[in-house]
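First the structure, in the form of structure tokens, and then the observations on it.
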Amino acid sequence: MKPRLTVLLIALEIATPLALVAAYALWAGPRDDFFFPPLREVLSVFMADWLGERLSSDIWPSIRRILIGFTLSAALAVGLGILCGLSRRTRLAVTPLIEFFRALPPPALLPLTLLVLGVGDSAKILLIALVCVFPILLNTIAGISGIDPTLRETARVFGITRRDTLLHVIIPGAMPSIFAGLRTSMSLAVIMMVISEFVAASNGIGFGIWQAKRLFDIPAMWAGIILLGILGYGLNMTLLLVERRVLAWHRGARAAAH
Numbered sequence: 001m002k003p004r005l006t007v008l009l010i011a012l013e014i015a016t017p018l019a020l021v022a023a024y025a026l027w028a029g030p031r032d033d034f035f036f037p038p039l040r041e042v043l044s045v046f047m048a049d050w051l052g053e054r055l056s057s058d059i060w061p062s063i064r065r066i067l068i069g070f071t072l073s074a075a076l077a078v079g080l081g082i083l084c085g086l087s088r089r090t091r092l093a094v095t096p097l098i099e100f101f102r103a104l105p106p107p108a109l110l111p112l113t114l115l116v117l118g119v120g121d122s123a124k125i126l127l128i129a130l131v132c133v134f135p136i137l138l139n140t141i142a143g144i145s146g147i148d149p150t151l152r153e154t155a156r157v158f159g160i161t162r163r164d165t166l167l168h169v170i171i172p173g174a175m176p177s178i179f180a181g182l183r184t185s186m187s188l189a190v191i192m193m194v195i196s197e198f199v200a201a202s203n204g205i206g207f208g209i210w211q212a213k214r215l216f217d218i219p220a221m222w223a224g225i226i227l228l229g230i231l232g233y234g235l236n237m238t239l240l241l242v243e244r245r246v247l248a249w250h251r252g253a254r255a256a257a258h
């Protein structure tokens, strides 16, 4: 990509949210609307409240729940996805179960989960893991089963062991699809974290937003919503940077092919 085009794309990426912020500031500034407070008031609450003592009491617990649930689901889904992708019989055996449980909305399991595990972190982490597991699992299966059979046959002809073929041919070839599932699941993890903290929590970002709603503290509620957007964007960009580093070879191969 040409440097000038890269700079233009970065400028557009920065300018778009800034334009939206400026538009809201101009629209809400002269209004006396209880539900849409002036931007300066929201930012003041954001800086004083969320970036103060609540950084450790609310923000960190939410991030920890997301990371633990996401990591557990990724480990399970990638492992099972590799097994299903390599074995057609295994894939056929577990597909009905996958489709059944995938059809269940995880928020519907919230009452049962809270009854069994209580209102602690275990229930929230489990729900986050459940909502994350299927995008990763399905993308892993698609990536593994979609590997060109010629690559496997070539590895066999050259005497490469099954283990090395799996580690150096099949899994690297499936990584673009796996990362697509990881990024989708990360967004779902943030959503499920908020839902679980709305219902049963004594801390967390979702809990803070719900408390602000109950107290009709609209600026604090908007500040929490902005924080969620920043958190989701930050987690997604972090995962994207990891993806670019891990798949640097993939981009190089595509560039060489063109």
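Letter by letter, the sequence shown follows residues 1 to 258 of UniProt numbering. Idealized CB from N, CA, C, for every residue including glycine.
Beta-carbon separation of residue i and residue j under 8 Å?
i, j, result
"Arg65", "Met193", "yes"
"Leu239", "Leu188", "no"
"Pro61", "Asn203", "yes"
"Ala155", "Thr165", "yes"
"Ala223", "Trp50", "yes"
"Arg199", "Leu228", "The sequence shown places Val at residue 199, not Arg. Going by C-beta atoms, Val199 is not nearer than 8 Å to Leu228."
"Ala77", "Ile144", "no"
"Ser185", "Phe70", "yes"
"Ile205", "Ile10", "no"
What residue range does the alpha helix (DSSP H) around residue i cover?
i, result
"Gly79", "Trp60 to Leu86"
"Ala103", "No alpha helix (DSSP H) holds Ala103; DSSP gives it neither H nor E."
"Pro111", "Leu110 to Leu117"
"Arg162", "Arg162 to Thr165"
"Val45", "Leu39 to Val45"
Rounded to a whole number of angstroms, what is the C-alpha to C-alpha distance between residue i and residue j?
i, j, result
"Phe46", "Asp33", "19 Å"
"Trp27", "Glu41", "14 Å"
"Ile218", "Thr90", "52 Å"
"Pro17", "Ala25", "12 Å"
"Gly146", "Pro105", "28 Å"
"Ala23", "Ile14", "15 Å"
"Ala201", "Leu43", "25 Å"
"Leu112", "Leu215", "28 Å"
"Ser177", "Leu20", "33 Å"
According to DSSP, simplified to helix, strand and coil, what is residue i?
i, result
"residue 307", "Residue 307 lies beyond the range of the chain shown here (1 to 258); nothing can be said about it."
"Phe134", "helix"
"Gly120", "coil"
"Leu51", "coil"
"Arg91", "helix"
"Arg156", "helix"
"Pro30", "coil"
Subject >> Residue ranges of each alpha helix (DSSP H) within the region 177-251, 4 or longer >> reply: 205-214 and 218-246
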